[in-house]
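Written out below as structure tokens is the structure these notes cover.
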Amino acid sequence: MSNPVVTVDPRVAKATRGSTPNASKAKRARRWRERLEVIGFTGPALLVFVLFVFVPIGYAIVLSLFDGTPTAPIRNFVGFQNFTEIFTTGRGETLGQPWFWNAVRNNFIIAAMSLLIQGPIAIGVALLLNRKMKFRGFFRLMIFVPYVLSEVITGVIFSLMLSPQGALNDWLTRLGFEQFTNFMWLMDTSAAPADAGFFSILGSRTFWAMFAILTWKYVGLAIILFLAGLSGVPEELNEAAAIDGASWWQTQRKITIPLLGPTIRIWAFLSLIGSFQLFDMVWILTGQQPGRTGLHTMATFMVDQGMNRNRVGFGSAIAIVLFVITLIIALTYQKFILSRDIGKES
Amino acid sequence: MKKLRAGGIVALATTTALIAAACGSGSGGTGGATASGDNVTITWWHNGTGDPLLSFWEDVAKEFEAKNPHVTINVTAYQNEELRNTVLPNAFTGGNAPDLFQSWGGGELAQWAKDGIVKDLTDLAADTVKAIGTPATAWQVDGKTYGLPYTFGPAGFWVNLDLWEQAGLDKANFPTTWDELFSAWTQLKDHNITPVAVGGLDGWPAAHWWYHTAVSTVSAEGFQKAMADGDFSDPQWALVGSNLQTILDAHAFNQGWEATSAQQGAASSAGMVALGQATMELMGVWNGGVMGGIYNEQKGLAQDSQELQENHLGWFPFPAFSNGQGDGRILGGGDGFSVHANAPAETVDFLEYILSEDVQRRYVALGNSPALAKLGAEIKDPAQAAAQKALADASGVQLWLDTAFGPAVATPMNNAIVAFMQGQGSADQVISAISGAMKG
Amino acid sequence: MATATLDSRRIVDQELKKKRVFSWSQPWVYLVALVALALSIGPVIFVVLGGFRTNPQLLLNPGGLPDPWVWDNYGQILDPSTRFGPMFFGQVIASLSIALLTTAFVVLLGVSVAYAIARFNLKSGPVLFSIFAAGLMFPATIAILPTWMILQSVNLVGTWAGVIIPQVAFALPTTVVILTPFIKAIPKELEEAASLDGTSRTGFFFRILLPLAKPGMVTVGVLAFVGSWNAYMLPLFVLRVGGAHVPIGPFDASVTLPLGVQAFQTQFSSSTTMIMAFTSLAMIPALIFFLAMEKHIVNGLSGAVKG
Chain A
0 MSNPVVTVDP
10 RVAKATRGST
20 PNASKAKRAR
30 RWRERLEVIG
40 FTGPALLVFV
50 LFVFVPIGYA
60 IVLSLFDGTP
70 TAPIRNFVGF
80 QNFTEIFTTG
90 RGETLGQPWF
100 WNAVRNNFII
110 AAMSLLIQGP
120 IAIGVALLLN
130 RKMKFRGFFR
140 LMIFVPYVLS
150 EVITGVIFSL
160 MLSPQGALND
170 WLTRLGFEQF
180 TNFMWLMDTS
190 AAPADAGFFS
200 ILGSRTFWAM
210 FAILTWKYVG
220 LAIILFLAGL
230 SGVPEELNEA
240 AAIDGASWWQ
250 TQRKITIPLL
260 GPTIRIWAFL
270 SLIGSFQLFD
280 MVWILTGQQP
290 GRTGLHTMAT
300 FMVDQGMNRN
310 RVGFGSAIAI
320 VLFVITLIIA
330 LTYQKFILSR
340 DIGKES
Chain B
0 MKKLRAGGIV
10 ALATTTALIA
20 AACGSGSGGT
30 GGATASGDNV
40 TITWWHNGTG
50 DPLLSFWEDV
60 AKEFEAKNPH
70 VTINVTAYQN
80 EELRNTVLPN
90 AFTGGNAPDL
100 FQSWGGGELA
110 QWAKDGIVKD
120 LTDLAADTVK
130 AIGTPATAWQ
140 VDGKTYGLPY
150 TFGPAGFWVN
160 LDLWEQAGLD
170 KANFPTTWDE
180 LFSAWTQLKD
190 HNITPVAVGG
200 LDGWPAAHWW
210 YHTAVSTVSA
220 EGFQKAMADG
230 DFSDPQWALV
240 GSNLQTILDA
250 HAFNQGWEAT
260 SAQQGAASSA
270 GMVALGQATM
280 ELMGVWNGGV
290 MGGIYNEQKG
300 LAQDSQELQE
310 NHLGWFPFPA
320 FSNGQGDGRI
330 LGGGDGFSVH
340 ANAPAETVDF
350 LEYILSEDVQ
360 RRYVALGNSP
370 ALAKLGAEIK
380 DPAQAAAQKA
390 LADASGVQLW
400 LDTAFGPAVA
410 TPMNNAIVAF
420 MQGQGSADQV
430 ISAISGAMKG
Chain C
0 MATATLDSRR
10 IVDQELKKKR
20 VFSWSQPWVY
30 LVALVALALS
40 IGPVIFVVLG
50 GFRTNPQLLL
60 NPGGLPDPWV
70 WDNYGQILDP
80 STRFGPMFFG
90 QVIASLSIAL
100 LTTAFVVLLG
110 VSVAYAIARF
120 NLKSGPVLFS
130 IFAAGLMFPA
140 TIAILPTWMI
150 LQSVNLVGTW
160 AGVIIPQVAF
170 ALPTTVVILT
180 PFIKAIPKEL
190 EEAASLDGTS
200 RTGFFFRILL
210 PLAKPGMVTV
220 GVLAFVGSWN
230 AYMLPLFVLR
240 VGGAHVPIGP
250 FDASVTLPLG
260 VQAFQTQFSS
270 STTMIMAFTS
280 LAMIPALIFF
290 LAMEKHIVNG
300 LSGAVKG
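Line by line, the protein sequences are chains A, B and C.
At position 226 of the first sequence the residue is numbered 225 (numbering that gives the first Met the number 0), and the sequence of numbers has no breaks.
At position 154 of the second sequence the residue is numbered 153 (numbering that gives the first Met the number 0), and the sequence of numbers has no breaks.
At position 277 of the third sequence the residue is numbered 276 (numbering that gives the first Met the number 0), and the sequence of numbers has no breaks.
Pasting the structure below:
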């Protein structure tokens, strides 16, 4: 397919007009070459991308209009009924849980906390590891290790450590803190009942255990991004500041962190989207039943409904809603925060 | 964002083409019926990912190939939940469905039958259906057989006899009423022994307590009405919650049962019973094998040693409630295979071979529970034999309720049960969760 | 800026700075680094040590050290004469090949697109960016069936390429999102200078931009590699359901490492300690890859900008 979205800047085109015929011929040739360049640079990526990302989205849109099963996904056209159901309540749920809204709430809380907690931790560690120090490469490698572990394995490890018969309780007992061994880190149901307050999730031990594990797993990614960004901050700036008598921390705060701005903004963008798409870790750590602890995210709710209950249409509708919500947030972020890093004017 | 739309339209156009392709090939098996004599390939997907079952099924396939030189069998093993929730549904829709595949019976199979995915075996395998008898009913929809079990058994209490006797209890005299069982639990607790392990993290092992209570409380007719029409008006249904509550009030479960896994890894409820950290577990027939594996590893015994099963385990059925109308019915389930509607005729022959007496006997020798009722009597290990006897003595078998009701009901039902058992919400919520999901 | 007076002052100050750094700041730095280290690899050490234990040890003494140390788990996986050995090495070959090829294509395609968005002054630049970013917002779990059908129509089911190509598509959003601002930050003057020399944009791209963008490319490369290394659903469908058959020498390279975990399930339960040993070993190639890439993340741009 051609690229209807790719056009050459008209200002460039305008500038070529009104020259002598010979020159204009040369300019036209150049313009063609530039168009070919654009196609050459973006075409292959767009092709695989449209094929394997946009086509599935289109397919999900179609499925969301049917009430199909996994074995017969396109059957029983129901129009927008799946969508209205999302915003009212899930079928067959008698606990009166506003499941979807709780999932949206959880996503928002996780997103906000990721930015506010994981961001500063990652910046701090990255600044630290950017200093000249012994074993720096080793430290960087070790910080990155959790990110290399797959989500499934991470889930297995922490289930083993946090289960009632697990390592954590064993250590607590050995250290004489037996009163803390009945915490059931992965099965605190206090936030699950329908009459639990909207923000009761913040009092759930399972929620905090989950967030700690998420931080453990993904802060390494942020650190690596920040280290790459820091590589663009010239060493001389630090030295110059040090000469002027600035302390290390002052230098970082006044010079390095502002220069790291674009990287921080991009990380925040990825972290935000990642928080809204959060699935694997929650799904595995809650034994595939996030509803029992009130910990559903939009993505786990989607899989729970679509796969476990064979409601492919409803699951697809949730996917579309999730897509739209994330898209709105991302576009807003892009317009107001990211534009200076990717927009035309820099 | 106007430009985005162009991409969207392209995507939609491609999607339409895709759907057309999906509808065209959706119900196609890979094999395609071939006249016998031509070379035939049978694709077989099962859930036996671990030995000894993995090698056993491979051997069975090779034996059939040797007897039928024109048949080639491609065997692949998938992890059970993956096969059930992801691999099979996508294969059915994506046009690469296997010819012979794992089949769990109940509501899910009814859906497959409705979608024309599975072959009607009623006449094609009439003799085998008859030889299996009662267990086969779980793979029947409206009197037609769409799959056959190769293993079947009831659920009940698996007892660690060492702990049982340590508390001064008699292993020749297992409780037959709830009063007897309650007093046994008290006696165990007096000896500082955890009476019961429950793998509540997985949900279903806890939900089974409600299933058993329901089967023991509600009559067969009451169940029939509820399963067929979602009619829960039988007053006995209201007693299920209060009966289960009396069990919960005995506080016999292991501390943190809500967060204990059932079979995964070493710290599971099965492991607790096998290694003497809890006395009993309410579980299906496979539990002997699960516990045996953990036990053998700890004692450094050979992988196929039956030491635990033969000398340290006991089994007794879920006692009846005095106010119950279950009338000797028992809860159970098994594993089976179904044949794809478009599979070659040889596939049915192969399924019948899998269920032949010779293959079944060797399957039982691996420590499994048979589907052919007459082989049940040949089992040696006492716990397994007690389970088979209970099955033979039962007036009827109720398939696991989550399987029987099907996936659309299973999750809401299990969630409601577990919430109730954890002290959240009322007993009525379980019934309304089931009927609400059935209406769907 | 560098005048004689400044230089002399600089030398004095650097002496001071050195003293300051080495007298009190360094121990503090190492302390924080060690705490971060302990937090990040503590659970991983639990896994590595778990591989030296038996399952009952894990149950009866969940927080303890291996007692006795059992070498059998690691031994069985690494011994080519057992059932697991040929599988493990074959899976390492498959995982490495698929991850390296995925990484190469993602980085190449991604940097091209990012260059076009950041530098071509396209009116559609931000829109292109949004299109690629939109790929991040769609839950991938739901894309299995359409992906399968597309792969089937181009006959890529059961091949490594069937895993690599969709993975490239899935990894492009992150790549473009990270690389675009990165390239944007490379000083424009370089391109203008090149343009005056008569270098075309393509020429500039290959000769000047690629070396300059190395830290960014290495970063996205590492992310793409890890993504491919841990991928589960796609290889499950394309390779296992698709019936891949890739023998390489004595090894069976038909599936990737994450699918290999299945081998440690016995009929009735799974061996957690075996899975722990397998996971520990499966982590090593990815960490070596990171180690090899790590110095490029750091030493790329700063040097170039100075020059």
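Cβ atoms here follow ideal geometry from the backbone N, Cα and C, with glycine treated the same way.
In this text the structure is predicted, and so the values were computed from the model without any measurement.
> With a cut-off of 9 Å, does the C-beta of residue 256(C) fall near any C-beta of chain B?
Replying inline: To locate residue 256(C), count along the third sequence from 1; it is residue 257. No, residue 256(C) lies away from the interface with chain B (no Cβ there is under 9 Å from its Cβ).
> Is any heavy atom in the ligand COA found nearer than 8 Å to the beta carbon of residue 67(B)?
Replying inline: Absence of the ligand COA from the depicted structure is noted, as is the absence of any ligand whatsoever, leaving it without description.
> How many whole angstroms separate the CB atoms of residue 240(C) and residue 86(B), which I take to be in contact at a CB cut-off of 8 Å?
Replying inline: To locate residue 240(C), count along the third sequence from 1; it is residue 241. To locate residue 86(B), count along the second sequence from 1; it is residue 87. Going by Cβ atoms, the distance from residue 240(C) to residue 86(B) rounds to 6 Å, so yes, they are a contact pair.
>> I'd like to check one pair, residue 104(C) with residue 167(C): are the Cβ atoms closer than 9 Å?
In response: Taking the first residue of the third sequence as 1, we reach residue 167(C) at position 168. Taking the first residue of the third sequence as 1, we reach residue 104(C) at position 105. In this structure, residue 104(C) lies closer than 9 Å to residue 167(C) by Cβ.
> Residues of chain C with a CB under 9 Å from the CB of residue 276(A): which are they?
Replying inline: As a first step, residue 276(A) must be located in the first sequence, where it is residue number 277. Those are 135, 136, 137, 138, 139, listed as they occur along chain C.
> How would you call residue 322(B), buried or exposed, if buried means at least 16 neighbouring beta carbons within 10 angstroms?
Replying inline: As a working note, residue 322(B) is residue 323 in the second sequence. Burial call: exposed.
>> Can you list, in chain order, the residues of its chain with a C-beta nearer than 8 Å to that of residue 41(B)? Leave out the 5 residues immediately preceding and following it.
In response: The residue given as residue 41(B) occupies position 42 in the second sequence. Same-chain partners within the cutoff: 30, 70, 71, 72, 73, 98, 99, 342, 343, 345, 346, 349.
> With burial defined as no fewer than 16 other Cβ atoms inside 10 Å of the residue's Cβ, what is the status of residue 235(A): buried or exposed?
Replying inline: Mapped onto the first sequence, residue 235(A) falls at position 236. So residue 235(A) counts as exposed.
> Would residue 39(A) be called buried (16 or more neighbouring beta carbons within 10 Å of its own) or exposed?
Replying inline: In the first sequence, the residue the question calls residue 39(A) occupies position 40. Exposed is the call here.
> Of all the alpha helix (DSSP H) runs that stay within the bounds of the region 170-245 of chain C, which reach a length of 4 or more residues?
Replying inline: 187-195, 200-203, 213-229
>> Looking only at its chain, what residues have a beta carbon closer than 7 Å to the beta carbon of residue 293(B), apart from the 5 residues adjacent to it on each side?
In response: Here residue 293(B) is taken as the residue at index 294 of the second sequence, counted from 1. Around residue 293(B): 265, 269, 270, 273, 274.
>> Beta carbons nearer than 9 Å to chain A: which residues of the region 324-337 of chain B have them?
In response: Listed in sequence order: no entries.
>> Suppose contacts are defined by Cβ-Cβ distances below 9 Å. Is residue 144(B) in contact with residue 135(B) by that definition?
In response: Taking the first residue of the second sequence as position 1, residue 144(B) is located at position 145. Taking the first residue of the second sequence as position 1, residue 135(B) is located at position 136. Closer than 9 Å, so yes.
> Who are the neighbours of residue 312(B) on chain C, taking C-beta pairs under 9 Å?
Replying inline: If you number the second sequence from 1, residue 312(B) lands on position 313. None at all; the shortest Cβ gap to chain C is about 14 Å.
> In the structure shown, what three-state DSSP assignment does residue 302(B) receive?
Replying inline: For the purposes of this step, residue 302(B) is identified with residue 303 of the second sequence, where counting begins at 1. Residue 302(B): coil per DSSP, three-state reduction.
>> Counting only Cβ pairs nearer than 7 Å, list the residues of chain C close to residue 86(B).
In response: Taking the first residue of the second sequence as 1, we reach residue 86(B) at position 87. Chain C residues near residue 86(B): 240.
>> For residue 100(C), tell me which candidate among 131(C), 137(C), 162(C), 281(C) has the shortest Cα-Cα distance.
In response: Your numbering for residue 100(C) matches position 101 in the third sequence. Per the Cα distances, 162(C).
>> Can you confirm whether residue 70(C), when its beta carbon is compared against all beta carbons of chain B, has any partner nearer than 9 Å?
In response: The sequence position of residue 70(C) within the third sequence is 71, counting from 1. Output row for residue 70(C): interface = no.
> Do you know how far the Cα of residue 314(B) is from the Cα of residue 158(B)?
Replying inline: By one-based count along the second sequence, residue 158(B) stands at place 159. By one-based count along the second sequence, residue 314(B) stands at place 315. Going from the Cα of residue 158(B) to the Cα of residue 314(B) covers about 6 Å.
> Going along chain C in order, which residues have a C-beta closer than 8 Å to the C-beta of residue 93(B)?
Replying inline: Here residue 93(B) refers to the residue found at position 94 when the second sequence is read from its first residue. Here the neighbours are 144, 147, 148, 151.
> Under 8 Å Cβ-Cβ, which residues of chain C neighbour residue 165(B)?
Replying inline: For this step, residue 165(B) is matched to residue 166 along the second sequence. Going along chain C, no residue has its Cβ under 8 Å from residue 165(B), so there is no contact; the nearest lies around 18 Å.
> In whole angstroms, what is the alpha-carbon distance linking residue 242(C) and residue 58(B)?
Replying inline: For the purposes of this step, residue 242(C) is taken as the residue at position 243 of the third sequence. For the purposes of this step, residue 58(B) is taken as the residue at position 59 of the second sequence. If I take the Cα positions, the gap works out to 19 Å.
> Mind checking residue 208(B): buried by the 16 CB within 10 Å criterion, or exposed?
Replying inline: The residue labelled residue 208(B) in the question sits at position 209 within the second sequence. So residue 208(B) ends up on the buried side.
> Could you give the uninterrupted runs of the alpha helix (DSSP H) lying entirely in the region 162-216 of chain A, keeping only those of 4 residues or more?
Replying inline: 166-173
>> Against chain B, which members of the region 57-83 of chain C pass a CB distance test of less than 8 Å?
In response: 57, 58, 59, 61
> For residue 435(B), which option in 365(B), 416(B), 408(B), 422(B) has the closest C-alpha, if you only look at C-alpha atoms?
Replying inline: As a position in the second sequence, residue 435(B) is number 436, starting the count at 1. The candidate whose alpha carbon is nearest that of residue 435(B) is 408(B).
> Leaving out the 5 sequence neighbours to the left and right, which residues in its chain are closer than 6 Å to residue 226(C) when beta-carbon positions are compared?
Replying inline: In the third sequence, residue 226(C) corresponds to position 227, counting from 1. Excluding positions up to five away in sequence, the list reads 170.
> Mind listing which residues of the region 148-160 of chain B have their C-beta closer than 9 Å to chain C's C-betas, in chain order?
Replying inline: none
> Which residues bound the beta strand (DSSP E) around residue 282(B)?
Replying inline: The sequence position of residue 282(B) within the second sequence is 283, counting from 1. Element bounds for residue 282(B): 279-282.
> Which parts of the region 118-156 of chain B are runs of the alpha helix (DSSP H), unbroken and 4 residues or longer, counting only runs that do not cross its ends?
Replying inline: 125-131
> Roughly how far, in whole angstroms, is the beta-carbon of residue 325(B) from the beta-carbon of residue 216(B), given that I think they are within contact range, below 8 Å?
Replying inline: The sequence position of residue 325(B) within the second sequence is 326, counting from 1. The sequence position of residue 216(B) within the second sequence is 217, counting from 1. Right, the Cβ-Cβ distance comes to about 6 Å (below 8 Å), so this counts as a contact.
> Which class does residue 79(A) belong to by DSSP, given the choice of helix, strand or coil?
Replying inline: Taking the first residue of the first sequence as 1, we reach residue 79(A) at position 80. Three-state result, residue 79(A): coil.
> Quick one: Cα of residue 160(A) to Cα of residue 61(C), how far?
Replying inline: Numbered from its first residue, the first sequence carries residue 160(A) at position 161. Numbered from its first residue, the third sequence carries residue 61(C) at position 62. Approximately 8 Å, taken between the alpha carbons.
>> Here's the rule: buried if 16 or more other CB atoms are within 10 angstroms of the residue's CB, otherwise exposed. What is residue 205(B)?
In response: Position 206 of the second sequence holds residue 205(B). Buried, because 16 or more other Cβ atoms sit within 10 Å of the Cβ of residue 205(B).
> How many Å lie between residue 426(B) and residue 241(B) at the Cα?
Replying inline: Here residue 426(B) is taken as the residue at index 427 of the second sequence, counted from 1. Here residue 241(B) is taken as the residue at index 242 of the second sequence, counted from 1. Using only the alpha carbons, I get a separation of about 7 Å.
> In whole angstroms, what is the alpha-carbon distance linking residue 229(B) and residue 53(A)?
Replying inline: Residue numbering aside, residue 229(B) sits at position 230 when the second sequence is read from its first letter. Residue numbering aside, residue 53(A) sits at position 54 when the first sequence is read from its first letter. Each residue's Cα considered, the two are about 41 Å apart.
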